[in-house]
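*Asks:* Chains as they are written, first to last, in the numbering used here: chain A, 1095 to 1428; chain B, 2 to 410.
1) Quick check on the DSSP output: the alpha helix (DSSP H) that includes residue 1242(A) runs from which residue to which?
2) So the candidates are 113(B), 46(B) and 27(B); which of them puts its Cα closest to the Cα of residue 265(B)?
3) Please list the residues of the region 1344-1362 of chain A that have a C-beta atom closer than 7 angstroms to any C-beta atom in chain B, keeping them in chain order.
4) Can a CB atom of chain B be found closer than 7 angstroms to the CB of residue 1424(A)?
5) Excluding the 5 residues flanking residue 173(B) on each side, which residues of the same chain have their C-beta closer than 7 angstroms to its C-beta?
6) Mind listing the chain A neighbours of residue 392(B)? Cutoff is C-beta to C-beta under 7 angstroms, in chain order.
7) Can you tell which of 1267(A), 1194(A) and 1219(A) has the C-alpha that lies nearest to the C-alpha of residue 181(B)?
8) Who are the neighbours of residue 1338(A) on chain B, taking C-beta pairs under 9 angstroms?
9) Per DSSP, what kind of secondary structure is residue 1434(A) in: helix, strand or coil?
10) Is the beta carbon of residue 277(B) less than 7 angstroms from the beta carbon of residue 306(B)?
11) Closer than 7 angstroms by beta-carbon distance: list the chain A residues that pair up with residue 400(B), in chain order.
12) Per DSSP, what are the beta-bridge partners of residue 1146(A) in this structure?
13) Classify residue 3(B): buried if its beta carbon has 16 or more other beta carbons within 10 angstroms, exposed otherwise.
14) So, for residue 1275(A): in the same chain, excluding its five sequence neighbours on each side, which residues have a beta-carbon less than 8 angstroms away from its beta-carbon?
15) To the nearest angstrom, how far is it from the Cα of residue 363(B) to the Cα of residue 35(B)?
16) Suppose you measure from the CA of residue 1299(A) to the CA of residue 283(B); what does that come to, to the nearest Å?
17) Which residues mark the beginning and the end of the beta strand (DSSP E) in which residue 1263(A) is found?
18) Would you please state the rounded distance, in angstroms, between the beta carbons of residue 18(B) and residue 324(B)? I believe it to be under 8 angstroms.
19) Mapping the DSSP letters down to three states, classify residue 152(B) as helix, strand or coil.
20) Anything in chain A within Cβ reach of residue 379(B), meaning under 8 angstroms, just list it in chain order.
21) Please specify which runs of the beta strand (DSSP E), each continuous and at least 3 residues long, are wholly inside the region 1140-1193 of chain A, giving them in chain order.
22) Taking just the CA atoms, how far does residue 1119(A) sit from residue 406(B)?
23) Compare the C-beta of residue 1241(A) against all C-beta atoms of chain B and say whether one is closer than 7 angstroms.
24) Given this structure, state the Cα-to-Cα distance separating residue 1172(A) from residue 1131(A), to the nearest angstrom.
25) Which residue spans inside the region 236-297 of chain B form an unbroken alpha helix (DSSP H) run of at least 4?
26) Should the region 1354-1370 of chain A be called in touch with the region 1314-1334 of chain A, which here means at least 3 C-beta pairs below 8 angstroms?
27) Of the choices 199(B), 251(B), 254(B) and 316(B), whose alpha-carbon is the least far from that of residue 299(B)?
28) Go ahead and label residue 1105(A) buried or exposed: buried means 16 or more other beta carbons lie within 10 angstroms of its beta carbon, across all protein chains shown.
29) Would you please verify whether the beta carbon of residue 1164(A) is less than 7 angstroms from any beta carbon of chain B?
30) Thinking C-beta only, is residue 1403(A) closer than 7 angstroms to residue 1092(A)?
31) Which one of 1164(A), 1145(A), 1384(A) and 1227(A) has the shortest CA to CA distance from residue 1372(A)?
32) Which one of 7(B), 184(B) and 164(B) has the shortest CA to CA distance from residue 1182(A)?
33) Taking residue 1196(A) as the reference, give the member of 247(B), 85(B), 169(B) and 70(B) with the closest Cα.
34) Between the region 317-346 of chain B and chain A, which residues of the former have a C-beta closer than 9 angstroms to a C-beta of the latter?
35) Shortest alpha-carbon distance to residue 297(B) belongs to which of 236(B), 396(B), 78(B) and 317(B)?
36) If I follow the unbroken alpha helix (DSSP H) through residue 189(B), where does it start and stop?
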């Protein structure tokens, strides 16, 4: 099952189990979403539970907060993460703080889905990875799945969470395990073990990272599309690295990361988002603070450059396997 | 035809600063009783004049006139007066408390008491209001304990919000009062969402959204109006036009539109202007709008035309930006005095009865304040530090627990 199908399936399971779950966003109802993640839901559950909205991200999230305060469980789609900025005030000042500022009298259990990341020649307005703008906010849970199995299980966890969740879907992974080279064949999910998605209800726990590959030489901490890029880099270089897929950024599964770094003694953080004040900075700070005496080399970051996401230069911006191989070699040489 | 010169820009200037005379010629008035009252199911296109008229019931002699007379009982009227007097007394005491250093901040609703007290009286216990910081009348008129409001303002150990929120940002689900944000306009679209949920759930409850004249400039006002227009949920969309956004005159947000109510016409939403200092008109208009919402006829926009007789908050002095004596020149008078005049003119109450009511209100508010002060104030008995870490998430995550341990609380 592709990641699109897994996400669609998660919606169906959630809406079947709980009639308070409602789904809406731009082009989400009749058409089923520009990436087709909500296809068939309106037909199956009716237009009161899955519907189209005006092009108004602050309206989508603001209305979702009010609905959640009135007992519904909205799961809304922002068409691209790049479009979420008009909703940012609603997410940061309202959804994230409602429980705290009302001492639990009102809460905002909403899920805000948004396709993230580049690699589709989307230019600067269809390619961004804004996760650090959410991980910096008290009260939010931020999730980035890397495969269909996790996408379904984590989306169900998100919808069932009592807290607001930002659910970033790496759009380059929607239809296959993109491994970092645009000209290479993308392995379709039905040929991948993590494309095997069980029917019905299951959850993947929030706040738990996963070891995607065991290794002894160094630890690559990453998430989303970059999990597969890291695997390519290790396959091609022969470096025996360990890959940690964070899956949830906040709450951050620091214990799993520390256990790996204490074993390997070296750590690289890999993400597609821009470098400065990115989530990699948080990982690096925590690893050096808590595993300082295990480290054989400085923690290193391999990320997108601190520029807007370019169009023609997309693959020079994207932190692909070659950059990671170079960084791993340099880290191992220290 | 004139020769084209350089293109032009208009920077709005206030109607008058401290050195000027009060000037209210821009406020469109109608005679009491003159505005027509359509049936609630009339087509929106047939009532567009109400976005420019001013719905008034009380005339200058305090007599209720015209089709919008809500026909209130003596008890209704006295209850309304009691609520407004309570708000005014409460405001005066909390302002003084701030001046005495017992809390950090306060905001009065002086001159606007009728707006929220009249509105709340027409809502049911299951309905939800999404107030701004100047609708304490909604909470008081709902019967919420004054002592708890004061504990919140004092941020003391008995503050229901555990000291987390700025004074006046109350919350009470049980009293139909959504958590006040402090970020402007955000709650306007949330109210629309709450009302949409009510319809999706098949409930009978309706929502009431609040925004100020200045905050209609925010994009959330427009998303709220659009979602209300598109989905037709049971929501009352209230704009309180109290003429001032801190020091900025209402015309900066209004632009060259003649009224704020006219904003609703482009959305196809029935839109009314009401005399916000006329308790009877306020109840009547709210009832009409609530009846529409409950009957499945969709949203109504209400512009409450009133005047902010006090400062914006304890952090500004309006004598620095408004003409001196402007409040006295406000053409729609004072809401408390006008309701008292009505009670006296109709013989519903005597001066002695009104004086007695005022004394009773003072005693009630003073008693609540004494009870609140027994729990201390911001500086003597502040809310607990450990509470800061609670309710950030439903369950405290490990990183926050570690920070809580580090804070030693």
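C-beta atoms are modelled at their ideal positions from N, C-alpha and C, and glycine is treated no differently.
*Replies:* The relevant details are as follows:
1) 1242-1254
2) 46(B)
3) 1345 and 1346
4) no
5) 140 and 145
6) 1193, 1194, 1197 and 1198
7) 1194(A)
8) Result: empty, since nearest Cβ-Cβ is about 17 angstroms, beyond 9 angstroms.
9) Residue 1434(A) lies beyond the range of chain A shown here (1095 to 1428); nothing can be said about it.
10) yes
11) 1345 and 1346
12) 1119(A)
13) exposed
14) 1326, 1414 and 1415
15) 37 angstroms
16) 52 angstroms
17) 1259-1264
18) 7 angstroms
19) helix
20) Neighbours of residue 379(B) on chain A: none; closest Cβ ~17 angstroms, over 8 angstroms.
21) 1144-1146 and 1167-1171
22) 41 angstroms
23) no
24) 12 angstroms
25) 252-255 and 280-295
26) yes
27) 199(B)
28) buried
29) yes
30) Limits of chain A in this structure are 1095 at one end and 1428 at the other, which puts residue 1092(A) out of reach.
31) 1227(A)
32) 184(B)
33) 169(B)
34) none
35) 236(B)
36) 187-202
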